[in-house]
């Protein structure tokens, strides 16, 4: 129980995937211009991270370890993630068109989102069991969503601000992200004991 | 063969970090010491050159429908090789960069060069492109590292120079602001570096225009 | 006719991908066969060095079912070397704690960590600050804590979490030795 709560708190707050661990910065910068697209991206990432955590754990435990191919883990995981993204896209398109309409455009981008590969690699490195791996995936995804949505609402204002020419666009966006990260630093040390 | 133009693009006008904003995860995460910056930069450079060359060589064989899957497999292969070699021969660097070495697989810069350049050009040109982009990436990383290390720890050359590899102390304790080597500092310093490089580019552009006008 | 050529086309795509994947796998297997023994030797050396650093005279691994933070136990003529894995600021820290038969810490050595350079990483550095930090654990017994938590251990500047993690590791090792007797 303690381990479960610990993972949830770490993944969402004290070790937030974007603002503390720097996983998934590309979508964080690219898809955070509007709150609703940010929310869509966050949900798509959470969904894929949960499935990828489960699938990669199974692949690692029942394929890579028995075959003594642990050194192939990066290649195996990225292929699993790429296929999951492809399947999720096809399945959503066919069976849940409403959800596909909402998340569809973000799905192809997720293959190269380091949050997904990152969470899978950390799961293996930390030796989490199946349940904890999936939980870490879901909680990490929620942390990602919280950060990206929060940042999108900040950014809608930042983009209108009056600042020196050279700071327009990404530089100022990064500095705003830095200040958000500063706020999240307040959570560091938060732990269940 | 305009090597000079490609070099300038990689280093400044189309720098993967400061202009194209690719590979941001590692730029922010590992830039806390000079050793990390140089190590990461070189690893990415080697991987980009190798994957560019191989993808360029195979560009007529790989059908376009499955090209992304093929590229990712090839890149993941090279990344794993570099990872294994680092673990075996430079274990200190492997330990220091940790999970960010395997994460080079999803560094958009490597895939971006494969898709945007190597899949359309010749082998030699692609190799040069990999080298130039890699150097640009390394330089940007090193700049961020040097600033963060100096302001955050007051040292220069962490992991390489000084007693016990802790770097040469330039700003005495307790003046350095440790927040700069924390995640916050990554965002802040990169923001300022982006603005700085933008300013530099504008300045150079102005200068070359003046030169042309004088002619 | 059209469906057949479609099927052929898909098979061709799959075959090309399969060939690429197998080539990559073969190349990796080749590289791995070179690097695996080197990595295994390095890991073994590092563990051996850590044991010798914290336990004069070294020790041999004894049968021990991993509990809590303790993953391995080595026993020598001067005491135990306990490998513990507390959770640090970033990921898990792997460290070795030497404890004598009276339950006093003989020394600590960090094997693997991914703490922030210049902050948490000081715990593993061969600098005066790092050596002082590790040195203050020598001779302690019972349980340890950083000054912020009412203990006697000075934290590394700006790295309370790493310092706490190392205290956790030392405590786990001390508790483990208490059960071993």
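Protein chains in written order, with the numbering used here: chain A, 931 to 1123; chain B, 8 to 222; chain C, 4 to 184.
Where is the CB? At the ideal position from N, CA and C, for every residue including glycine.
Quantities reported herein were computed from a predicted structural model and do not represent experimental measurements.
Contact between residue 1104(A) and residue 80(B) is absent: CB atoms are separated by about 32 Å, not below the 8 Å threshold.
Residue 135(C) does not reach chain A, its nearest Cβ partner there being about 23 Å away, counting only Cβ pairs nearer than 9 Å. Secondary structure note for residue 64(C): its beta strand (DSSP E) is the uninterrupted segment 63–65. When DSSP states are grouped into helix, strand and coil, residue 97(C) belongs to the strand group.
For residue 74(C), no alpha helix (DSSP H) run applies; the uninterrupted beta strand (DSSP E) run containing it begins and ends at 73–78, by DSSP. Per the coordinates, the alpha-carbon of residue 17(C) lies some 32 Å from the alpha-carbon of residue 138(B). 82(B) is the residue among 82(B), 160(B) and 100(B) whose C-alpha sits nearest the C-alpha of residue 55(B). If the five residues before and after residue 1037(A) are omitted, its C-beta is found closer than 7 Å to the C-beta atoms of 974, 1015, 1018 and 1019, all from its own chain and listed in chain order. Looking at the DSSP output, residue 107(C) bridges to 144(C).
When secondary structure is reduced to three states using DSSP, residue 17(C) falls in the helix class. Taking the CA atoms as reference points, residue 70(B) sits about 16 Å from residue 124(B).
Fully contained in the stretch 173–221 of chain B are the following alpha helix (DSSP H) runs of length 4 or more, in chain order: 190–221. Around the beta carbon of residue 1021(A), a 10 Å sphere encloses fewer than 16 other beta carbons of the protein chains shown; the residue is thus reported as exposed.
Assignment of residue 156(C) by DSSP, reduced to helix, strand and coil, places it in the strand class. Using a 10 angstroms sphere on the CB of residue 136(C), the tally of other CB atoms reaches 16 or more, which defines it as buried.
Only those residues of the stretch 140–155 of chain C whose C-beta falls short of 9 Å from the nearest C-beta of chain A would be listed, and there are none. The C-beta distance from residue 1043(A) to residue 954(A) rounds to 5 Å, short enough to fall under 8 Å. In the assembly as shown, residue 1093(A) is an exposed residue. Its beta-carbon has fewer than 16 other beta-carbons within 10 Å. C-alpha of residue 91(B) to C-alpha of residue 1091(A): approximately 47 Å in a straight line. Chain B places a beta carbon closer than 9 Å to that of residue 24(C), counting this residue as a contact. Residue 28(C) has a beta carbon lying within less than 9 Å of a beta carbon in chain B. For residue 1025(A) and residue 985(A), the gap between their C-alpha atoms comes out near 21 Å. In this structure, DSSP gives residue 86(C) an extended state, which the three-state scheme calls strand. Secondary structure note for residue 174(C): its alpha helix (DSSP H) is the uninterrupted segment 163–183. For residue 1054(A), not one C-beta of chain C is nearer than 9 Å to its own C-beta. Around residue 956(A), the beta-carbon contacts reaching into chain B at under 9 Å are 28, 29, 30, 31, 32, 113 and 115. Under the Cβ criterion of 9 Å, residue 35(C) is counted among the residues facing chain B.
According to DSSP, residue pairing for residue 70(C) in a beta bridge involves 73(C). Between residue 125(C) and residue 110(C), the C-beta gap is not smaller than 9 Å, which leaves the two residues out of contact. In chain order, 1001, 1002 and 1005 make up the part of chain A whose C-beta sits under 8 Å from the C-beta of residue 31(C). The shortest CA-to-CA distance from residue 1066(A) to any of 1049(A), 1074(A) and 1028(A) is the one to 1049(A).
At least 9 Å separates the CB of residue 168(C) from every CB of chain B. Residue environment analysis places residue 54(C) among the buried positions, since at least 16 neighbouring C-beta atoms fall within 10 angstroms of its C-beta. Residue state for residue 1081(A) is assigned as helix, using DSSP reduced to three classes. DSSP places residue 92(C) in the coil class of the three-state scheme, outside both helix and strand. Here the alpha carbon of residue 1082(A) sits roughly 6 Å from the alpha carbon of residue 964(A).
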